[in-house]
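**Q** This note's numbering applies: residue 3 is where the sequence shown begins, and numbers increase by one. The structure is given below, and queries will be raised subsequently.
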Amino acid sequence: MRSLIFVLAVAAASAAERRVISPPGLKPIGPYSPGILVGDWLYVSGQGARAPDGTMPTDFRAQVRQTLENVRAVVEAAGLSMEHVVYSQIYLEDAGRYDELGPVWREFFPRDAPACAVLGVERMPGGTPVEINAVAVREPARKKVTRLKDVAVPPFCAAAVDAGDRVFVSGVLGIDVTRGRAPDDPGEQVETALNQLGAILKAAGLDFRHLVFVNPYLTARVPMETMNRLYARRFEFGNTPARATIRVKALPAGAGIEFTGVAVKDLARRRAVRPRNMAPSATASPCVFAADTLYCSAKSGFIPGPRSGIYASTVEHQLRQTMRNLLDGLEEADLDFSHVVATNVYLDDIADFERMNRIYAQYFTPGAFPTRTTVQPLPPVERKPDAEDRWPMLEQISLIAVK
């Protein structure tokens, strides 16, 4: 009886550790929480450039500054500081302004900057030209920065940050740093980026086996099949990281490929999860555990199994199938949507934002929504079926859940 009471007490304490962070004046524009503090980690939703009073600066650097002020408001409301931030993704409407980020970034991170990834997208909610999300660790003493000279990562960020039981890796571009440009051959670009990713992992005492989640970002310069073929060689078949492979409008310095991700230090705490209706893959596991944290690959409205494809024509119907596909991975890990702490939503058209929100909100408890980052990576596709009645993909969602 005593052991049962102890187990229940531990479970209750663990559940109580999850806390929604909502700074005064920072009102979400959709069904998501500004921040979620759970265990040792704070997840911060993608923040835009609007001030709490609804105004937006017109100068780009001022827009970046306001976006980071919004991130800081969430971080400080959780009782932390920007020193606690270990990872961030920066979305730009104009990737050509990449070089202007550094001076503003260093105002907020004067030392021990986090790992980060930068990419150019078509549009973001609310008309913001920049969106930034973040992950912070509760104990800053656990934050150890890895710096390398010969890797193409943002110069104002660390190559990687060791944050206790996991390592966050900055966005590695397919740029030959000795020549200062991306190779013309797409395959060479992919190999260049993967080699640099491997070098960063090695400097952190890890290798490709430790990765639990990877974002490959591609522009039109790199064919998907080229990236997949070369990427698959780096991993054990069926035991690859979870992955969200996203085509984007542009990447810094004209690169065609960028890899960023998360690794777990102890391989004994890494476990791939695959629902029975999903075949083993050479390129992505449906979900992968890093200790108690589950990273799940981006899913769309496809129907798995024989004659797989997307057969729904609206974003609402596609989203329902996407959530079903994500739930398959969660349930295989003995979790459900109540365990989700962060999502990334990729829309074909930001005009579908409100329609997506209406359906998305139905899967979570009001007042306890996960954090979220939403972007439109590319111009909208033409919405018509092919000869087999398959429709184009209108949304994708990846997620992070905590046991």
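Where is the CB? At the ideal position from N, CA and C, for every residue including glycine.
Quick one: what does DSSP say residue 25 is sitting in, helix, strand or coil?
**A** For the purposes of this step, residue 25 is taken as residue 23 along the sequence shown, with counting starting at 1. Coil.
**Q** Does the count of Cβ pairs from the stretch 69-80 and the stretch 119-139 closer than 8 Å reach three?
**A** Segments in contact, yes.
**Q** Around the Cβ of residue 260, are there at least 16 other Cβ atoms within 10 angstroms (buried) or fewer (exposed)?
**A** Locating residue 260 in the sequence shown gives position 258, counting from the first residue. Per the 10 Å Cβ criterion, buried.
**Q** How close, in whole Å, do the beta carbons of residue 48 and residue 375 come, if the pair is a contact with beta carbons under 8 Å?
**A** As a position in the sequence shown, residue 48 is number 46, starting the count at 1. As a position in the sequence shown, residue 375 is number 373, starting the count at 1. At roughly 3 Å, the Cβ-Cβ gap stays under 8 Å, so residue 48 and residue 375 are in contact.
**Q** Answer yes if the stretch 52-60 comes into contact with the stretch 81-96, meaning at least three C-beta pairs across the two stretches below 8 Å, and no otherwise.
**A** no
**Q** Within 10 Å of its beta-carbon, does residue 389 have 16 or more other beta-carbons around it, so buried, or fewer, so exposed?
**A** Counting from 1 along the sequence shown, the entry for residue 389 is found at position 387. Residue environment analysis places residue 389 among the exposed positions, since fewer than 16 neighbouring C-beta atoms fall within 10 angstroms of its C-beta.
**Q** Taking residue 273 as part of the alpha helix (DSSP H), name the residues at either end of that continuous run.
**A** Locating residue 273 in the sequence shown gives position 271, where the first residue counts as 1. Unbroken run through residue 273 is the beta strand (DSSP E), 272-275; no alpha helix (DSSP H).
**Q** Should the stretch 34-41 be regarded as contacting the stretch 369-387, the criterion being three or more beta carbon pairs within less than 8 Å?
**A** yes
**Q** Apart from the five residues just before and just after residue 145, which ones in its own chain have a Cβ nearer than 7 Å to its Cβ?
**A** As a first step, residue 145 must be located in the sequence shown, where it is residue number 143. Excluding sequence neighbours, residue 145 sits near 88, 114, 139, 163 and 165.
**Q** Just to confirm, is the Cβ distance from residue 264 to residue 331 under 8 Å?
**A** Here residue 264 refers to the residue found at position 262 of the sequence shown. Here residue 331 refers to the residue found at position 329 of the sequence shown. Not a contact, by the Cβ cut-off of 8 Å.
**Q** Figure out for me which residue from 335, 266, 284 and 254 has the closest Cα to the Cα of residue 239.
**A** Here residue 239 refers to the residue found at position 237 of the sequence shown. Here the closest residue by C-alpha is 284.
**Q** From the DSSP output, read off the bridge partner residues of residue 121.
**A** For the purposes of this step, residue 121 is identified with residue 119 of the sequence shown, where counting begins at 1. Residue 121 is bridged to 93.
**Q** Could you tell me the boundaries of the alpha helix (DSSP H) in which residue 218 lies?
**A** Locating residue 218 in the sequence shown gives position 216, where the first residue counts as 1. Per DSSP, residue 218 lies in no alpha helix (DSSP H) segment; the continuous beta strand (DSSP E) that holds it begins and ends at 213-220.
**Q** Do residue 22 and residue 44 come within 8 Å of each other at the CB atom, strictly closer than that value?
**A** Indexing the sequence shown from 1 puts residue 44 at position 42. Indexing the sequence shown from 1 puts residue 22 at position 20. Not a contact, by the Cβ cut-off of 8 Å.
**Q** Going along the chain, which residues of its own chain have a beta-carbon closer than 7 Å to the beta-carbon of residue 325, five neighbours each way excluded?
**A** As a first step, residue 325 must be located in the sequence shown, where it is residue number 323. Cβ neighbours of residue 325 beyond the five flanking positions: 365.
**Q** So the beta strand (DSSP E) residue 390 belongs to, where does it begin and stop?
**A** One-based indexing of the sequence shown puts residue 390 at position 388. Careful: residue 390 lies outside any beta strand (DSSP E) and carries neither H nor E.
**Q** Report the residue from 141, 157, 150 and 129 whose alpha carbon sits nearest the alpha carbon of residue 108.
**A** Numbered from 1 along the sequence shown, position 106 holds the residue referred to as residue 108. Comparing Cα positions, the closest option is 157.
**Q** State buried or exposed for residue 95, treating a residue as buried only when at least 16 other CB atoms are found within 10 Å of its CB.
**A** Start at 1 with the first residue of the sequence shown, and residue 95 comes out as number 93. Buried: at least 16 other Cβ atoms inside 10 Å.
**Q** Output yes or no for whether 8 Å exceeds the beta carbon distance between residue 361 and residue 318.
**A** To locate residue 361, count along the sequence shown from 1; it is residue 359. To locate residue 318, count along the sequence shown from 1; it is residue 316. Yes; because the gap between Cβ atoms is below 8 Å, this pair is in contact.
**Q** Using the Cβ count rule (16 or more neighbours within 10 Å means buried), how would you classify residue 216?
**A** Here residue 216 refers to the residue found at position 214 when the sequence shown is read from its first residue. Buried.
**Q** How would you call residue 119, buried or exposed, if buried means at least 16 neighbouring beta carbons within 10 angstroms?
**A** Your numbering for residue 119 matches position 117 in the sequence shown. Burial call: buried.
**Q** Contact between the stretch 198-206 and the stretch 288-303 is defined here as three or more beta-carbon pairs at a separation below 8 Å; is this criterion met?
**A** No, because fewer than three Cβ pairs between the stretch 198-206 and the stretch 288-303 fall closer than 8 Å, the two stretches do not touch.
**Q** To which residues does DSSP link residue 263 through a beta bridge?
**A** Walking along the sequence shown from the start, residue 263 turns up at place 261. Residue 263 pairs with 171 and 216.
**Q** Given a cut-off of 8 Å on the beta-carbon distance, is the pair residue 350 and residue 377 in contact?
**A** Translated into the one-based positions of the sequence shown, residue 350 becomes position 348. Translated into the one-based positions of the sequence shown, residue 377 becomes position 375. No.
**Q** Please check the pair residue 154 and residue 174, which I expect to be a contact at CB under 8 Å, by giving their CB distance rounded to whole angstroms.
**A** For the purposes of this step, residue 154 is taken as the residue at position 152 of the sequence shown. For the purposes of this step, residue 174 is taken as the residue at position 172 of the sequence shown. 6 Å between Cβ atoms; contact.
**Q** Which residues in the same chain have their Cβ closer than 7 Å to the Cβ of residue 392, if we skip the five residues on either side of it in sequence?
**A** Within the sequence shown, numbered from 1, the residue matching residue 392 stands at position 390. Excluding residues within five positions, the ones whose Cβ falls inside 7 Å are 311, 312 and 313.
**Q** Who are the Cβ neighbours of residue 17 in its own chain at under 7 Å, not counting the five residues just before and after it?
**A** The count along the sequence shown starts at 1 and reaches residue 17 at position 15. Note that residue 17 has pLDDT 44, beneath the 50 cutoff, so the model's placement of it is unreliable and the number below is only indicative. Scanning its chain for C-beta atoms nearer than 7 Å, with the 5 sequence neighbours on each side dropped, one finds no residue around residue 17.
**Q** Do the CB positions of residue 321 and residue 301 come within less than 8 Å of each other?
**A** On the sequence shown, position 319 is the one that residue 321 refers to. On the sequence shown, position 299 is the one that residue 301 refers to. At a Cβ-Cβ threshold of 8 Å, residue 321 and residue 301 do not count as neighbours.
**Q** Taking the alpha-carbon positions, what's the residue 194 to residue 177 distance?
**A** Working through the sequence shown from its first residue, we reach residue 194 at position 192. Working through the sequence shown from its first residue, we reach residue 177 at position 175. Those two C-alpha atoms are separated by around 7 Å.
**Q** Could you spell out where the alpha helix (DSSP H) holding residue 104 opens and where it closes?
**A** Sequence index remark: in the sequence shown, residue 104 carries index 102 (1-based). Segment 103-110, the alpha helix (DSSP H) holding residue 104.
**Q** Quick one: grab the DSSP three-state call for residue 66.
**A** Against the sequence shown, residue 66 aligns to sequence position 64. Three-state DSSP puts residue 66 in a helix.
**Q** Starting from the Cα of residue 190, find the closest Cα among 244, 258, 73 and 167 and give me that residue.
**A** On the sequence shown, position 188 is the one that residue 190 refers to. The candidate whose alpha carbon is nearest that of residue 190 is 258.
**Q** By a C-beta neighbour count over all protein chains shown, 10 Å radius and 16 as the cutoff for buried, is residue 354 buried or exposed?
**A** For the purposes of this step, residue 354 is taken as the residue at position 352 of the sequence shown. Residue 354 should be labelled buried.
**Q** Please state the DSSP three-state secondary structure of residue 269.
**A** Translated into the one-based positions of the sequence shown, residue 269 becomes position 267. Note: residue 269 maps to helix in three-state DSSP.
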